[in-house]
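Novice:
In the UniProt record's numbering, the protein residues as written are 1 to 167.
1. State yes or no: is the C-beta of residue 39 nearer than 7 Å to some heavy atom of the ligand HEM?
2. Please specify which runs of the beta strand (DSSP E), each continuous and at least 3 residues long, are wholly inside the UniProt domain "FHA" (23 to 72), giving them in chain order.
3. Taking the Cβ atom as the reference point for each residue, do residue 59 and residue 46 lie within a distance shorter than 8 Å?
4. May I have the straight-line CA-CA distance separating residue 12 from residue 62, to the nearest angstrom?
5. Helix, strand or coil for residue 93? Go by DSSP, reduced to three states.
6. Please report the distance separating the alpha-carbon of residue 14 from that of residue 92.
7. Shortest alpha-carbon distance to residue 32 belongs to which of 44, 82, 38?
8. Cα separation between residue 25 and residue 55?
9. Report the three-state DSSP secondary structure of residue 16 (helix, strand or coil).
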């Protein structure tokens, strides 16, 4: 049985992996799959074809490999798997049954979520507008200092004892 084709997606760019030799993933220019992130080691991981599938192993990198939040040193890639190379740097290893030829392809489209929500959102409520202070009117701002005049000086909450004195 031929080895299934493997494409590694970094962002939206896919890299078809050569099934006849091991491929290195990392930040260095001599890597087969280059990931341009400072949290990825120069030679971060190696993909090796085996009889059972593709073996992805860590090459002693600083941030390691993690799958589903679990840190691993190696993992057998038998079906499409997302592997995190660092906290915010992930790659998608997509396995296809047909033979692969080395080339660059576009990332597979993720299925769209249904447009109708499963649970109806709660009805929108409008908050009542706060009542203005007696000295405020929509056309005039409220007084900010004791020198500002307020027609209802005796009922104004912002009025200070000094501003309540007659002028």
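Every residue, glycine too, gets a C-beta built ideally from N, C-alpha and C.
Specialist: The structure says:
1. Annotation note on the ligand HEM: not contained in the displayed structure, which lists no ligands.
2. Every beta strand (DSSP E) stretch that sits fully inside the UniProt domain "FHA" (23 to 72) and reaches 3 residues is listed by chain position as 23 to 26, 45 to 49, 54 to 58, 65 to 67, 70 to 72.
3. In the chain shown, residue 59 corresponds to position 59, counting from 1. In the chain shown, residue 46 corresponds to position 46, counting from 1. In this structure, residue 46 lies closer than 8 Å to residue 59 by Cβ.
4. Against the chain shown, residue 12 aligns to sequence position 12. Against the chain shown, residue 62 aligns to sequence position 62. One alpha carbon belongs to residue 12, the other to residue 62, and they sit about 25 Å apart.
5. The sequence position of residue 93 within the chain shown is 93, counting from 1. Three-state result, residue 93: strand.
6. Mapped onto the chain shown, residue 14 falls at position 14. Mapped onto the chain shown, residue 92 falls at position 92. Taking the straight line from one Cα to the other gives about 9 Å.
7. Within the chain shown, numbered from 1, the residue matching residue 32 stands at position 32. Residue 32 has its Cα closest to that of 44, out of 44, 82, 38.
8. Looking up residue 25 in the chain shown gives position 25. Looking up residue 55 in the chain shown gives position 55. Pairing residue 25 with residue 55, the inter-Cα distance amounts to about 13 Å.
9. The sequence position of residue 16 within the chain shown is 16, counting from 1. In the three-state scheme derived from DSSP, where H, G and I count as helix and E and B as strand, residue 16 is classed as strand.
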